[in-house]
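So for the sequence shown, full-length UniProt numbering puts the first residue at 1; every next one is plus one.
All remarks here apply to the structure that follows.
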Amino acid sequence: MSKKVNIGLVQMSCSADVEANVQKAIDGIREAARKGAQIVCLQELFTSLYFCDVEDHHNFSLAEAIPGPTTERLGKLAGELGVVIVASLFEKRALGLYHNTTAVLDADGAYLGKYRKMHIPDDPGYYEKFYFTPGDLGYKVFETKFARIGVLICWDQWYPEAARITALMGAELLVYPTAIGWDTNEPDPAQNTEQYNAWQTIQRSHAIANGIHVVSVNRVGREADQQFWGGSFVSNPFGSLLYLAPHDQEVVHVQEVDLGLSEKYRTTWPYLRDRRIDSYQPITKRYIDD
1 MSKKVNIGLV
11 QMSCSADVEA
21 NVQKAIDGIR
31 EAARKGAQIV
41 CLQELFTSLY
51 FCDVEDHHNF
61 SLAEAIPGPT
71 TERLGKLAGE
81 LGVVIVASLF
91 EKRALGLYHN
101 TTAVLDADGA
111 YLGKYRKMHI
121 PDDPGYYEKF
131 YFTPGDLGYK
141 VFETKFARIG
151 VLICWDQWYP
161 EAARITALMG
171 AELLVYPTAI
181 GWDTNEPDPA
191 QNTEQYNAWQ
201 TIQRSHAIAN
211 GIHVVSVNRV
221 GREADQQFWG
231 GSFVSNPFGS
241 LLYLAPHDQE
251 VVHVQEVDLG
261 LSEKYRTTWP
271 YLRDRRIDSY
281 QPITKRYIDD
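This is the structure in structure tokens:
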């Protein structure tokens with residue numbers, strides 16, 4: 001049975017001006033709604049520059065409560081436009097306790113809840129462990145007006161376990177707000193190409209393995225030594241690209257997807273049927289060396 005939904009992707013550059021970033025995102029949401037979007041997905045930490053490229057205590061001032069002022073503002077917008085909004089924010093949970101969190105606002109403006117990023121990287125240019133406590137809410141699926149949305153965040157996208165668990169919880173599509181780019185000091189362009197291709201490929205593989213659509217929304221533009229590579233995309237349940245954004249432009253795109261296709265792909269290629277759950281206990285070990 002067909003279940004067609006219009007997904008809006010807002011790929012944008014950011015500045016040090018938080019209000020300007022929020023307003024740009026709001027403008028993007030409005031444009032997506034005008035184009036027929038029913039679910040609008042924003043990129044990771046869209047209210048600011050990607051501050052995790054440095055370890056600086058002043059950046060904690062960018063955090064806010066969730067629910068809080070931005071979710072309240074976006075909730076009103078969601079209700080006005082009749083769209084679902086997936087919004088990635090820097091959460092201040094308590095004094096000295098912060099998370100990388102995505103909130104989901106339903107089409108009537110209701111705050112449905114939040115997902116806290118589970119996998120936290122610590123690499124040159126991505127010093128996220130300095131800022132974020134790993135998520136403790138588990139994996140989440142949000143029952144919205146238009147679809148059951150599974151939300152994961154950036155570094156989570158490299159982990160098939162996260163995608164699988166979220167899919168097994170009933171997600172009809174996976175959404176990945178993301179902030180990733182090329183190191184401008186990297187002298188080998190082939191390495192940059194390889195990194196982007198790996199990023200796209202791993203997420204398309206989650207679509208295939210789980211028989212669901214995947215939506216990945218990345219930022220664009222130069223920030224310090226990072227050239228964020230854009231390249232936001234939508235994949236169908238067999239890994240085919242339905243949409244691919246440019247690397248160097250802001251864009252608001254609306255893509256129609258048919259969530260009902262999951263039935264076709266999951267029965268034609270019945271990976272879920274043939275899972276040997278009795279044999280997977282070793283995956284809970286850090287490394288199998290005994």
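We treat Cβ as the ideally placed atom computed from N, Cα and C, and that holds for glycine.
Can you tell me which of the three DSSP states residue i falls into?
i, result
"residue 283", "helix"
"residue 230", "coil"
"residue 56", "coil"
"residue 269", "coil"
"residue 130", "helix"
"residue 41", "strand"
"residue 78", "helix"
"residue 250", "coil"
"residue 97", "strand"
"residue 275", "coil"
"residue 114", "strand"
"residue 144", "coil"
"residue 47", "coil"
"residue 289", "coil"
"residue 106", "coil"
Let's see if you can read the secondary structure: which residues bound the alpha helix (DSSP H) around residue i?
i, result
"residue 202", "189 to 210"
"residue 18", "18 to 34"
"residue 163", "160 to 168"
"residue 3", "First-last for residue 3: undefined, no H or E at that position."
By the DSSP assignment, the beta strand (DSSP E) with residue i in it spans what residues?
i, result
"residue 176", "173 to 178"
"residue 94", "84 to 94"
"residue 149", "148 to 151"
Considering only C-alpha positions, which residue in the set the options is nearest to residue i?
i, options, result
"residue 111", "75, 81, 135", "75"
"residue 257", "217, 30, 212", "212"
"residue 88", "172, 168, 178, 174", "178"
"residue 106", "82, 168, 136", "82"
"residue 48", "133, 25, 205, 168", "25"
"residue 117", "142, 231, 151, 169", "151"
"residue 247", "275, 181, 85, 44", "181"
"residue 229", "101, 193, 241, 273", "193"
"residue 137", "268, 166, 80", "166"
"residue 283", "39, 171, 161, 143", "161"
Pull the bridge partners of residue i from the DSSP assignment, please.
i, result
"residue 182", "227"
"residue 243", "234"
"residue 216", "176, 233"
"residue 139", "The partner list for residue 139 (beta bridge, DSSP) is empty, contrary to what the question assumes."
"residue 258", "4"
"residue 379", "This structure gives no information on residue 379, because the portion of the chain shown stretches from 1 to 290."
"residue 64", "91"
"residue 222", "227"
Would the beta-carbon of residue i be found less than 7 Å away from any heavy atom of the ligand NAP?
i, result
"residue 257", "Looking for the ligand NAP in the displayed structure turns up nothing, as the structure carries no ligands at all."
### At least 3 beta-carbon pairs within less than 8 Å: the region 124 to 132 vs the region 41 to 55
The region 124 to 132, when compared against the region 41 to 55, does touch it at the 8 Å Cβ threshold.
### Message
Assess contact between the region 62 to 77 and the region 5 to 15, defined as three or more Cβ pairs (one per stretch) separated by less than 8 Å. Is contact present?
### Response
Contact check between the region 62 to 77 and the region 5 to 15: fewer than three CB pairs, one atom from each, fall below 8 Å, which does not count as touching.
### Task
Report yes or no: do the region 235 to 252 and the region 202 to 212 share at least 3 C-beta pairs separated by less than 8 Å?
At 8 Å Cβ cutoff, the stretches touch.
### Message
Whether or not the region 260 to 267 and the region 32 to 47 are in contact is what I'm after, with contact meaning three or more pairs of Cβ atoms, one per stretch, closer than 8 Å; do they touch?
### Response
As far as the Cβ criterion goes, the region 32 to 47 does not touch the region 260 to 267, which means the pair count is below three.
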